[in-house]
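J.: So the protein sequences, as listed, match chains A and B.
Residues in the first sequence are numbered consecutively from 61, following this note's numbering.
Residues in the second sequence are numbered consecutively from 28, following this note's numbering.
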Amino acid sequence: MRWLEYIIFLALVVGLVKPVGLHLARVFERKPTFLDRVLCPVETMLYRVFRIQPEREMSAAVYMLCFVLFTVLGTVLLFAVLLLQAWLPGGPHDRYLTTPMTVDLAMTTAVSFATTTTWQAYGGETTLRYLAQVFGLAAQNFLAGAAGLAVGIAFIRGFARERSATIGNFWVDLVRSTLWVLLPLSLIGSCALVWQGVPLNLAPYTEAHTLEGQLQSIAQGPVAALEFIKNLGTNGGGFFNANGAHPYANPTPLTNFLGLLAIAVLPASLTITFGFWTNRRRSGWVLLAVMVMIFTLGLAVCDFAEKSVPSNLKELNVSGGNMEGKELRFGVGGSVLATVVTSNGATGSYNSMIDSYQPVGVVVPLMNMLLGEVVFGGLGTGLQSMVMLALVGVLLGGLMVGRTPEYLGKAITPSEAKLLALYALVTPFVVLILSSLAISTDMGRAGLVTNSGPHALTEVLFAYASNMANNGMAMAGLNANSVFYNMTTAVAMLAGRFGLVALALALAGRFAAQGRRPITLGSLPSDTVTFGVLVLGTIVLVGALSFLPALVLGPLMELLQS
Amino acid sequence: MSQSDHSDSDEALAGTVPRPSQPLATLREQLQPSLFSVLFLTFLTGAIFPLLLLGFARLLFPTQADGSLVTGNGVIIGSELIGQNFTGVGYFHPRPSAAGAGYDAASSGGTNLGPTNPKLKDGSADDPATPAIDESFVGIRQLADEYRRSNGLAPNTTVPIDAVTRSGSGLDPHISPANAALQVTRVARVRGLTVEALHRLITKHARGRQLGFLGEPRVAVLPLNLELDRTAPLPNPASPQTSSRSEPR
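(1) Within the same chain, show all residues whose beta-carbon is closer than 6 angstroms to that of His120 (chain B), passing over the 5 residues directly before and after it, in chain order.
(2) Using a 10 Å radius around the Cβ and a threshold of 16 neighbouring Cβ atoms, would you call Ser31 (chain B) buried or exposed?
(3) How far does the beta strand (DSSP E) with Gly99 (chain B) in it reach, from first residue to last?
(4) Helix, strand or coil: how does DSSP classify Glu476 (chain A) here?
(5) Tell me where the alpha helix (DSSP H) around Glu366 (chain A) begins and ends.
(6) Please confirm whether Thr43 (chain B) has its beta-carbon closer than 8 angstroms to some beta-carbon of chain A.
(7) Report yes if the CB atom of Ser395 (chain A) is closer than 8 angstroms to the CB atom of Asn411 (chain A), and no otherwise.
(8) Where do the N-terminal and C-terminal ends of the beta strand (DSSP E) with Thr226 (chain A) fall, by residue?
(9) On the DSSP bridge assignment, give the partners of Ser277 (chain A) in chain order.
(10) Since Trp231 (chain A) meets chain B, which of its residues come closer than 7 angstroms, beta carbon to beta carbon?
(11) Output needed for Ala190 (chain B): all residues of its chain with C-beta closer than 6 angstroms, excluding positions within five of it in sequence on either side, in chain order.
(12) For the stretch 591-601 of chain A against the stretch 444-463 of chain A, are there 3 or more C-beta pairs whose distance is under 8 angstroms?
(13) When the cut-off is 8 angstroms and only beta carbons count, does Asp625 (chain A) lie next to chain B?
(14) Mind checking whether Leu193 (chain B) and Pro89 (chain B) have CB atoms under 8 angstroms apart?
(15) I want to know whether the stretch 195-206 of chain B touches the stretch 384-404 of chain A - three or more CB-CB distances under 8 angstroms.
(16) DSSP state of Gln113 (chain A), grouped into three classes?
(17) With a Cβ-Cβ cutoff of 8 angstroms, do Trp240 (chain A) and Thr93 (chain A) count as a contact?
(18) Determine the burial state of His153 (chain A): buried for a count of at least 16 other Cβ atoms within 10 Å of its Cβ, exposed for fewer.
(19) Roughly how many whole angstroms lie between the Cα atoms of Ala552 (chain A) and Thr168 (chain A)?
(20) What residue range does the alpha helix (DSSP H) around Val400 (chain A) cover?
(21) Please report how far the alpha carbon of Asn530 (chain A) lies from the alpha carbon of Thr135 (chain A), in whole angstroms.
(22) Excluding the five sequence neighbours on either side, which residues of its own chain have a C-beta within less than 6 angstroms of the C-beta of Val423 (chain A), listed in chain order?
(23) Against chain D, with Cβ distances strictly below 8 angstroms, would Val248 (chain B) count as a contact?
(24) Taking beta-carbon pairs under 8 angstroms, can you tell me which members of the stretch 129-155 of chain B lie near chain A?
(25) Could you check whether the stretch 333-340 of chain A touches the stretch 73-93 of chain A, counting it as contact only if at least three pairs of C-beta atoms, one from each stretch, sit closer than 8 angstroms?
(26) Please tell me whether Pro19 (chain B) and Ala309 (chain A) are closer than 8 angstroms, where the distance is taken between their beta carbons.
(27) Please classify Trp147 (chain A) as buried or exposed, where buried requires at least 16 other C-beta atoms within 10 Å of its C-beta.
(28) What would DSSP say about Phe69 (chain A), mapped onto helix, strand or coil?
(29) Note the first and the last residue of the continuous alpha helix (DSSP H) segment covering Arg216 (chain B).
(30) Under 8 angstroms between beta-carbons, which chain A residues line up against Gln57 (chain B)? List them in chain order, please.
(31) Alpha carbon to alpha carbon, how far is Arg557 (chain A) from Thr175 (chain A)? Give it in angstroms, no decimals.
(32) Starting from Ala190 (chain B), trace the alpha helix (DSSP H) both ways and give me its first and last residue.
(33) Nearest to Ala365 (chain A) by CA position, among A:Pro79, A:Ala263 and A:Ser622, is which residue?
(34) Compute the distance between the beta-carbons of Leu348 (chain A) and Ala322 (chain A), then report whether it is under 8 angstroms.
(35) Answer with buried or exposed for Pro514 (chain A), where buried requires no fewer than 16 other C-beta atoms within 10 angstroms of its C-beta.
(36) So with CB distances below 7 angstroms, who are the chain B contacts of Lys386 (chain A)?
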């Protein structure tokens, strides 16, 4: 039955990518769509307010500048909202807000939501006011998600265009992402969540008198306003501390399934948009096939690790899967599927506690993040990561056969090769250095309050992998609300957002300026099984070589202990 | 990063589109759209969108929007979706909980204990050096023993794992059908019901897989116990007997 859920999920994703991918292409080519009647007047008004000319396009550098400015100003606004939340009207009552909103927590939270990381060093129901959750966090879920999609679209244009100095207009792509993609889908999706039981109110926490005569305070709030866009925008930060495990955030197996589709479908569809715009449709499908293969492999491994009684509990005569930290309505299947989708999708809206997964079960989300979220990935940024690693594969392949490496008719000259090499190195560099810093200092080790030994090392590695990948998924046993972790995780988030996007856009700008080389017998075809295997091999090799020592010291050591 | 990219791509590009050549001028030009886009899009997505949604939700699904609250005798008993604690012998017991001091619906969370952490299996005692903090933790071994004892099961009975593990939220409103079945004898004895009648009640409150393939079969604890109280009240409901099972943390 678990596998039926997995297979139907994958079939739905693969079945939806073509219509959705082609619709995205229309939206960003500014071709007519059925939403135009309602949205075009709003679009025109916004351009007038922004004082921009939508026809005027930007070079890659200016596009990047706009992306940085937008993200930085978004961070500043959110930082201000969080710091001033004590003066915001509305619930919940102060006595429930037990975690103080310190300056460093506000800073890291603002960076976290503006970069789609949505790493949360706090519990929502014990820290934030309703208005901060909606006007601050939910809004940034839209904005940061839309900015990511815009960057992904501009990146594709770099491959689609020939002899062009520009790769689109950031503000147009941003507005179109928000109005044509995120807002309408969120409106429908959020209504579906409320129908299934996700609350949407501004009421104070409910004081319930339980059947046994005890008092139970039940956290309330505008939960549905955040819970769908957190998945659709591949952000992942939940309204409550338990995120997708909380019955109000994720009340039924159906809401779980819908949320996972919201995470995967848009990023996966961009492979089709990519193939369509570059006029190499099969190349887009090959990239999707590689994604599906890595996805299935991770799913199989994680399912295998979690499906039976943990080995150390066998002597206690218990039956079932590893249900510690998992909700019964999802079971092992819905939990494992969510872990694999959210770790691949740069979303981090887990519905089960990763810290209590088996050592092999933890490796899957950890590796998905360390590989750079290439499977579906973040909205816009996922395709970018996949193509960048495919290009590394092309480069290696070209070196092996001694020809000028090229992909879709774009040549990889030494200067493009430098950008690719940097791209592949940034993640190991940032993650490994920050993890070493954390485990070799008292400030870093102070966060290891729940677990110790190899498991604790995994927790630290997981935290920086998650922030670098702009994922936000956590092994929550690590107490990350300290000045040290708030600062260092923010560094990883910024490096993951700006560092990787800058390199990718610089490359896209160069490719846009190039012509397109004709396909000759000497070209490496990019639409064959062989090419798919080459890309797959590159991804595994780059990931494995960079992180093998850390993985041996963390999860593998723990596996030997258990 | 953007600064050096700028000069880099200047050389590479054919320059067919008019744009300012000075980086500072570009920055100044883009500041206004940056500021206004952040403000207006935040207003659109953080104020207009939630209000629109609130309107729809109140109109179409008012009960769910309020949190699917359950009332009885004019007071709110809880929420259909949120688990609450039951320790009385006459009730079906939920899973153990790590939310606050147990089923604290204002502080959700799991144990976050790793699989190799000895505390998860064997528990830990309260540290007398820190009287303010209660470090005691009931491990899975002890939970399983207490489960067997309170339900009158043989010491080697296989226990469904959901009965001895804490959920991710600590507010799991469900138990597995196997877990409910093992509690039937105890509840039937206290309530004076037949085992068959109780099984019928459990079936009534059991949920199958959604759409036939999503999630796991489960039994909703609060509605089940609510119906027990309605149809077969406890002999003395004012002082519910507590079982030997200690409050799990």
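Glycine included, every Cβ here is placed at the ideal spot set by N, Cα and C.
T.: Quick look at the numbers:
(1) Phe113
(2) Residue confidence for Ser31 (chain B) is low, a pLDDT of 40 falling below 50, so the modelled location carries little weight and cannot support an answer.
(3) It spans Leu96 to Gly99 - the beta strand (DSSP E) in which Gly99 (chain B) sits, taken as one unbroken run.
(4) Residue state, collapsed to three classes: helix.
(5) Per DSSP, Glu366 (chain A) is one residue of the alpha helix (DSSP H) stretching across Arg341 to Glu366.
(6) At Thr43 (chain B), the pLDDT of 45 sits below 50, so the modelled position is not reliable and the matter cannot be decided from this model.
(7) For Ser395 (chain A) and Asn411 (chain A), yes; Cβs fall inside 8 angstroms.
(8) Here Thr226 (chain A) belongs to no beta strand (DSSP E), and DSSP marks it neither H nor E.
(9) A:Glu267
(10) Pro60 and Ser64
(11) Tyr174 and Asn206
(12) yes
(13) Outside the modelled stretch of chain A, which goes from 61 to 622, sits residue 625 (chain A), for which no answer is possible.
(14) The residue asked about is misnamed: residue 193 (chain B) is Arg in this sequence, not Leu. Not a contact, by the Cβ cut-off of 8 angstroms.
(15) yes
(16) coil
(17) In this structure, Thr93 (chain A) lies closer than 8 angstroms to Trp240 (chain A) by Cβ.
(18) exposed
(19) 11 angstroms
(20) Gly391 to Asn404
(21) For Asn530 (chain A) and Thr135 (chain A), the gap between their C-alpha atoms comes out near 15 angstroms.
(22) Pro615
(23) You won't find chain D in this structure, because its protein chains are A and B.
(24) Tyr130, Asp131, Ala132, Ala133, Ser134, Ser135, Gly136, Gly137, Thr138, Asn139, Leu140, Gly141, Pro142, Thr143, Asn144, Leu147 and Lys148
(25) Between the stretch 333-340 of chain A and the stretch 73-93 of chain A there are three or more inter-stretch CB-CB distances shorter than 8 angstroms, so the stretches are counted as touching.
(26) Outside the displayed range of chain B (28 to 276) lies residue 19 (chain B), so it cannot be described from this structure.
(27) exposed
(28) helix
(29) Pro204 to Arg218
(30) Result: Val122, Leu125, Cys126 and Leu129.
(31) 6 angstroms
(32) Unbroken run through Ala190 (chain B): none, as it is neither H nor E.
(33) That would be A:Ser622, whose Cα lies nearest to the Cα of Ala365 (chain A).
(34) no
(35) buried
(36) Listed along the chain, the chain B residues whose CB falls inside 7 angstroms of the CB of Lys386 (chain A) are Ser194 and Gly195.
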